[in-house]
Amino acid sequence: MLRLFSVFLLAMFFALPAYAQEAEPAPDRSATGGAQTLEDIMRRQQGLEVDNSFRSSNTGNPTGGASPTDQLGTLGGASDPDLWRGLRFDSADITTQIQHPAATVLIQDTGMWWLQFREGPLTKYGFGLVLGTMALLVLFYLIRGRIRIDGEKTGRKILRFKSIERFAHWLLAGSFILLGLTGVISLLGRNFLIPALGPEGFSTIAIGAKWVHNNVSWAFMLAIVMIFVLWVVHNLPHRSDINWLLKGGGIFGGGHPPARKFNAGQKFIFWSVIILGGSISASGLSLLFPFELPMFAATFEKLNQFGIPQLLGLGELNTNLAPHTEMQYAQLWHAIVSFVLFAIVIAHIYIGSVGMEGAYDAMGSGEVEEQWAREHHSLWVEEVKSKEAKAGGSS
Amino acid sequence: MREIFLAFAAMAVIAFGASYTLGEMGFSSQDQTTGGSVRLD
């Protein structure tokens, strides 16, 4: 799983500059006097990217026209098309009676890009990632089979997770699965549930899914805080992690590399949940309180300051985002990070259930077979035994 | 198993509690997107 993720990151790292280099030169618009050409219209109709910079700044000059009181005076320096361009590119000076952050945006130009990305690449690659991970796990199971306890079972049990730890884990697990299911209904439900249930049937399910998603999210956020507080000490890097990683966790033979309470693979899961789950929570809060918690313009500004987009060949990111664009970015980020975390968690569910004998007990009863603990977390067992001996000696 | 059921029960309590609290605080869609003269329900 670690190896796969590294390949994905590397592929993204090299693919982005390559993508940026493929940008086409600006088309010749001399035939239309600088206005949009048939090619621009056709590209837009085909859903291709159109550089609108030649139009977005062409919004007239309200103070430039001759005064209407003059002889042959005009009605101002901005024509109707200038005004519509101003509306479209969110630069017109709008006053509304509705006091709302998004009320002055009458046309949102990037909305179609968001819709097309949401229904195209996001869905395709998101589900591809999740289903691909499932297929790899099935393949892994067919090749490797269930990881058994190698040695003879002792019949003795060791307490691995306390009640509060198991509670936090299941609160996180239960809410994450529920949020995943309701998220998929919100994202794609209309595509596959309307044909099956009809618009009214889907409407009921969609309203229910939205309610569950919005409100169960608080349990997810609470659980993330709980597991962070409970387990962060055990998930700090340790020199034994290097050996564990070099031996691939002993998954394909090669013995059982020593590990503390959490091995390097589990630490990867932990930090994925904390970082990705934290990011999902942040974008989720932004969606939960529409237009109140925008975060992308500020993030893009920081990234531009550090030169990260420039390094990747993306140029400076646009920091002048309409309120709706903020929400659209939040939705896309929320879904993309959720798909990645879902793929990681599926691997975690596999190894904690059918993939490894004795692993489920750690979160089921909280007690594990001592032999299992010795094979997978030998350093932790030594720690526990040493503490028990000290406690026994002092009493 | 007890912790699993406790966690699921807590999830339900938190969800209903959040919905009620946010509604009482005026964070419902109705309160956020309409004026006093508009009634959605």
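Protein sequence lines, in the order shown, are assigned to chains A and B. Under this note's numbering, residues -1 to 393 are what the first sequence spells out, in order. Under this note's numbering, residues -9 to 31 are what the second sequence spells out, in order. The beta carbon of each residue, even a glycine, is placed where N, CA and C say it ideally should be.
Would you mind telling me which residues of chain B sit closer than 8 Å to residue i, beta carbon to beta carbon, in chain order?
| i | result |
| --- | --- |
| L177(A) | Chain B residues near L177(A): none, gap ~10 Å exceeds 8 Å. |
| S173(A) | M1 |
| A217(A) | A0, M1, I4 and A5 |
Mind pulling the chain B residues with CB within less than 7 Å of residue i?
| i | result |
| --- | --- |
| L169(A) | A(-3), A0 and M1 |
| V223(A) | The contacting residues do not exist; V223(A) stays about 13 Å from chain B at best. |
Using a 10 Å radius around the Cβ and a threshold of 16 neighbouring Cβ atoms, would you call residue i buried or exposed?
| i | result |
| --- | --- |
| H98(A) | exposed |
| E380(A) | exposed |
| A29(A) | exposed |
| E20(A) | Low confidence applies to E20(A): its pLDDT is 49, below 50, so where it sits in the model is not reliable, and the reading given next is rough at best. Exposed, because fewer than 16 other Cβ atoms sit within 10 Å of the Cβ of E20(A). |
| G118(A) | exposed |
| S161(A) | exposed |
| T408(A) | Shown here, chain A extends from -1 to 393; a query on residue 408(A) therefore has no answer. |
| E299(A) | exposed |
| S215(A) | buried |
| Y348(A) | buried |
| N59(A) | exposed |
| A18(A) | Because A18(A) carries a pLDDT of 42, less than 50, the predicted location of this residue cannot be relied on, and the following value inherits that uncertainty. It counts as exposed. |
| S351(A) | exposed |
| W370(A) | buried |
| S279(A) | buried |
| V230(A) | exposed |
| A133(A) | exposed |
| P197(A) | exposed |
| G87(A) | Strictly speaking, residue 87(A) in this sequence is Phe, with Gly absent from that position. Label assigned to F87(A): buried. |
| L234(A) | exposed |
| G390(A) | exposed |
| W378(A) | buried |
| M219(A) | buried |
| F294(A) | buried |
| F340(A) | buried |
| T57(A) | buried |
| V227(A) | exposed |
| N261(A) | buried |
For a contact defined as C-beta to C-beta under 8 Å, what are the partners of residue i on chain C?
| i | result |
| --- | --- |
| F165(A) | Structure shown: chain C not included; protein chains present are A and B. |
Which whole-angstrom value is the C-beta distance of residue i and residue j, which I expect to be below 8 Å?
| i | j | result |
| --- | --- | --- |
| T465(A) | Q106(A) | Residue 465(A) lies beyond the residue range present for chain A, which begins at -1 and ends at 393; the question has no answer from this structure. |
| L394(A) | L315(A) | Given that chain A is displayed from residue -1 to residue 393, the structure contains no residue 394(A) and the question cannot be resolved. |
| G71(A) | S65(A) | 5 Å |
| E367(A) | K155(A) | 7 Å |
| G75(A) | G84(A) | That pair is no contact at about 12 Å. |
| L170(A) | I205(A) | Contact flag wrong, Cβ pair sits at about 26 Å. |
| E403(A) | I147(A) | Nothing in the structure corresponds to residue 403(A), since chain A is present only between -1 and 393. |
Quick one: which chain B residues come within Cβ less than 9 Å of residue i?
| i | result |
| --- | --- |
| L220(A) | A0 and I4 |
| S161(A) | R(-8), E(-7) and L(-4) |
Just the chain A side, please: which residues come within less than 9 Å of residue i by C-beta, in chain order?
| i | result |
| --- | --- |
| S9(B) | W209, N212 and N213 |
- request: Assess, as a yes-or-no matter, whether the segment 303 to 311 of chain A is touched by the segment 265 to 278 of chain A under the definition of 3 or more beta carbon pairs within less than 8 Å.
  value: no
message: Along the segment 358 to 375 of chain A, where does the CB come closer than 9 Å to a CB of chain B? Name the residues.
response: M361, G362, S363 and G364
query: Do the segment 131 to 139 of chain A and the segment 174 to 193 of chain A touch if we need at least three Cβ pairs shorter than 8 Å?
result: no
Stretch-stretch touch, CB-based, cutoff 8 Å, three pairs: the segment 329 to 343 of chain A with the segment 352 to 366 of chain A: no
- prompt: Going along the segment 315 to 328 of chain A in order, which residues come within less than 9 Å of chain B, judged by CB to CB distance?
  reply: none
query: Between the segment 279 to 293 of chain A and the segment 242 to 257 of chain A, do three or more beta carbon pairs fall short of 8 Å?
result: no
task: Could you tell me whether the segment 150 to 160 of chain A touches the segment 260 to 268 of chain A, using the rule of 3 or more Cβ pairs below 8 Å?
output: no
- request: May I ask you to verify whether the segment -1 to 13 of chain B touches the segment 201 to 217 of chain A, counting CB pairs closer than 8 Å and requiring at least 3?
  value: yes
query: At a cut of 8 Å, does the segment 164 to 173 of chain A reach the segment 188 to 206 of chain A through at least three beta carbon pairs?
result: no
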